[in-house]
Amino acid sequence: MAIVFRTIWVIAYRELLRFVHDRPRMFSSFSMPIIFLIIFGAGFGRLIGQMMPGVDYIQFMYPGILAMTVLMTSVMSGVSIVWDREFGFLKEVLVSPLSRSGVLAGKAVGAATIAIIQGAIMLVLAPIVNVPINLGTVLALLPLLLILSLALSGLGLLIGARMRSQQGFQIMMQLVIFPIMFLSGIFFPVSGVATWLEVLSKLNPVTYGIDAIRQVFLGTEVAGVTVFGHTMGIVDSAIVVAMVGVVLLTTAIWAFNRQE
Amino acid sequence: MDVIEASNIVKRFGELEAVKGVSFSVKEGEIFGFLGPNGAGKTTTINILCTLLKPTAGQAKVNGHDVIKERSQVRQSIGLVFQEPSLDDYLTAEQNLRFHGYAYGVPRNVLEPRLKELLEMMELWDRRKGKINTYSGGMKRRLEIARGLLHHPRVLFLDEPTLGLDPQTRRRIWDYIHDLRKRENLAIFMTTHYMDEAENCDRIAIMDYGRTVALDTLEKLKDGVGGDVISIKTEDNEEAVRLLEGQYKFKPSIENGIISFTVYHGEEFLPKFVSGFPLRLLSIGLRRPTLEDVFLKLTGRNIREQEVDSMQQMKNMARMRRH
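If you're matching them up, the sequences are chains S and H in order. Start counting at 1 in the first sequence, then tack on 308, and there's your number in this note's numbering. Start counting at 1 in the second sequence, then tack on 456, and there's your number in this note's numbering.
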């Protein structure tokens, strides 16, 4: 057991070192969410504004954008295991006495830590877009971001555990990240849209993560996903994400152990 | 004491039998060379010894630990330098070594002095804060050797340690390896297909099509060729071959218009041969056998002749990737 913990910390430590050394990556994971926030905010703000009482569109979108930063960072960090394989570093890890399961867990912990750092930096934008923020909000956000990023890095790892080449990366980006992103209620509320869209969004676990984050910022008036007549609270949503995360991570570990 | 004992290792990838029952042992402090053309099963054997692959049958022990049942003890006792680089390009040399130290649980008070000692030995101390993507191929290889030694392994595996490096760098790497062996009483298990490099080994195993076809010291292997190598060129090579086979009872081989055969005490044989040979000789040469000759004799092929089994090799690689 001690070896699993050592593995987790060694691997997570390296992820963080890499993150610190890789400025472009740090930059790029901010650029897309911020561009979306600005462009969509300005473009749709006035059109969609009336749909939600009490908040303007940019306020509505902001919690989603925060989650999007976490989403991109976590999934990408998870998939980075493909890079490790391609550039040979994975071999160094695999011949060491480190535990295989610990390697993936360490990757997930590293990814989550990075995602939370990125998320924390995004919090600076909250006052600018008029989203109320205080210590209580931040403390409530932390566990949510942690659960969400662990679950999503599990998704990235699951894809990466099986993927052999970087070419798959681009495809993955388009087939996985974009659908997850657009079907998660980042840009519009999941109820009151076309039925198929609503159904798909409610099947997407990320929707609940984002909704929980939104509830922390804006309260239940503009948030809350209703499933079978039950409106999901923060804790309900967190449980959904956590459960999906456990499944994703264990499947990823299983796939990785079988593969290597 | 034997640090590696392999008995009857077999590895099958589906239909393909990459290793067909290989046995050998490596002593403490020995440089053991594993030779053979690409696709002969060298890398597969190494991967089994370092627990990256499970053998289909057979047994192997490294530093007294079973490679199937005691993986982590085996991993702790070996250092590895792979054919392809396995460093983290985004980190510095020092960070790569530290990661390794933490991964192998090297205590901090041991790690720092050891790290310095090895980087100095590999002449990389001044560049320790440089990122790997600024390193040359030779520097990377030296760093990987340093990394492989960081946790005081009993055996260092070098898989084609000087592949793709220039001759000067190759020589330097060999100086380090000899130095190391003296300092740490380390066994070195290496694969190569550079024949000149194999001359550094105490004992050599030659592998071909998944089997070891010879295993001995370099001198003994060369003796096995059957004396010195005589190469001649004549006006009529076909007639010469007939004569050599009939009258002289040699087994000549012909390559690029040059006939070669082996004979004991070549110096004494030459004058008699020149005066007695009925055909006109255009050229004649005498040399001690090289490993190349050993290889040719044992496998009937030149070690660099890889076209023959390039298909096989591609298959192997495709399979290796999947496993």
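Cβ atoms here follow ideal geometry from the backbone N, Cα and C, with glycine treated the same way.
- Return the first residue and the last residue of the beta strand (DSSP E) that F613/H is part of. 611-615
- W317/S to L431/S span [Cα, whole Å]: 27 angstroms
- In three-state DSSP terms, what is D664/H? strand
- Item | From P493/H, F480/H, G485/H, G492/H, residue whose alpha carbon lies closest to that of L780/H | Residue 780/H lies beyond the residue range present for chain H, which begins at 457 and ends at 779; the question has no answer from this structure.
- Mind listing which residues of the region 591-615 of chain H have their C-beta closer than 7 angstroms to chain S's C-betas, in chain order? none
- Separation of S339/S from R667/H, as counted between CA atoms: 56 angstroms
- Message: Classify A350/S: buried if its beta carbon has 16 or more other beta carbons within 10 angstroms, exposed otherwise.
- Response: exposed
- Kindly indicate the opening and closing residues of the alpha helix (DSSP H) around G593/H. 593-605
- Item | 8 angstroms contact criterion, which F613/H and G535/H should meet: CB distance rounded | 7 angstroms
- Measure from the C-beta of S528/H to each C-beta in chain S and report whether the shortest distance is under 9 angstroms. yes
- Message: Please identify, using Cβ separations under 8 angstroms, the residues of the region 545-573 of chain H that lie next to chain S, in order along the chain.
- Response: D545, Y546, L547, Q551, F555, H556, Y558, A559, Y560, G561
- Message: I'd like the span of the alpha helix (DSSP H) that includes S382/S, first residue to last.
- Response: 365-394
- Query: Listed in chain order, which residues of the region 376-398 of chain S have Cβ atoms closer than 9 angstroms to some Cβ of chain H?
  - Reply: D392, F395, G396, F397, L398
- Task: List the whole-angstrom C-beta distance separating V403/S from L508/H, where the pair is believed to meet the contact cut-off of C-beta under 8 angstroms.
- Result: 6 angstroms
- Query: Along chain H, which residues have their Cβ under 8 angstroms away from the Cβ of H329/S?
  - Reply: Y546, L547, K587
- E675/H to S407/S, Cα distance in whole Å? 44 angstroms
- Item | Option nearest I518/S by Cα separation, candidates V411/S, L557/S, F490/S, T503/S | F490/S
- Does the region 490-500 of chain H come within contact of the region 522-531 of chain H, defined as at least 3 CB pairs closer than 8 angstroms? no
- Expressed to the nearest angstrom, what Euclidean distance is found between the alpha-carbon atoms of Q762/H and P563/H? Residue placement at Q762/H is poorly supported in this model, since its pLDDT is 45, which falls under 50; the coordinates are not used for a value here.
- Using a Cβ cut-off of 8 angstroms, pull out every chain H residue sitting near V318/S, in sequence order please. F555, Y558, A559
- Just the chain B side, please: which residues come within less than 7 angstroms of L325/S by C-beta, in chain order? Among the chains of the structure shown, chain B does not appear; the protein chains present are S and H.
- Item | Bridge partners - F469/H, DSSP secondary structure assignment | L472/H
- State the start and end residues of the unbroken alpha helix (DSSP H) segment that holds M646/H. Element bounds for M646/H: not the alpha helix (DSSP H) but the beta strand (DSSP E), 643-648.
- Less than 8 angstroms between the CB atoms is what I'm expecting for G553/S and M540/S, so what's the real figure, rounded? So it is not a contact: roughly 16 angstroms between Cβ atoms.
- Residues bridged to Q515/H (per DSSP): S463/H
- Message: Nearest by alpha-carbon distance to V284/S: which of L465/S, R322/S, A550/S is it?
- Response: This structure gives no information on residue 284/S, because the portion of chain S shown stretches from 309 to 568.
- Contact set between F538/H and chain S, taken where Cβ atoms lie within less than 9 angstroms: G396, K399, E400, V403
- Query: At what residues does the beta strand (DSSP E) containing E711/H begin and finish?
  - Reply: 709-711
- Task: Closer than 8 angstroms by beta-carbon distance: list the chain H residues that pair up with L406/S, in chain order.
- Result: A559
- Provide the residue(s) that pair with R743/H in DSSP beta bridges, ordered along the chain. V685/H
- Candidates A559/H, E653/H, V697/H, L621/H: which alpha carbon is nearest H607/H's? A559/H
- Item | Minimum Cβ-Cβ distance from I311/S to chain H less than 9 angstroms | yes
- Query: Would you call F335/S buried or exposed, if buried means 16 or more other Cβ atoms sit within 10 Å of its Cβ?
  - Reply: exposed
- Query: Which ranges does the beta strand (DSSP E) cover as unbroken runs of at least 3 residues, wholly within the region 403-434 of chain S, from first to last along the chain?
  - Reply: none
- Taking C-beta pairs closer than 7 angstroms, name the residues in chain H that R314/S reaches, listed in chain order. G561
- Out of V312/S, V501/S, I319/S, I422/S, point me to the one whose CA is closest to R331/S's CA. I422/S
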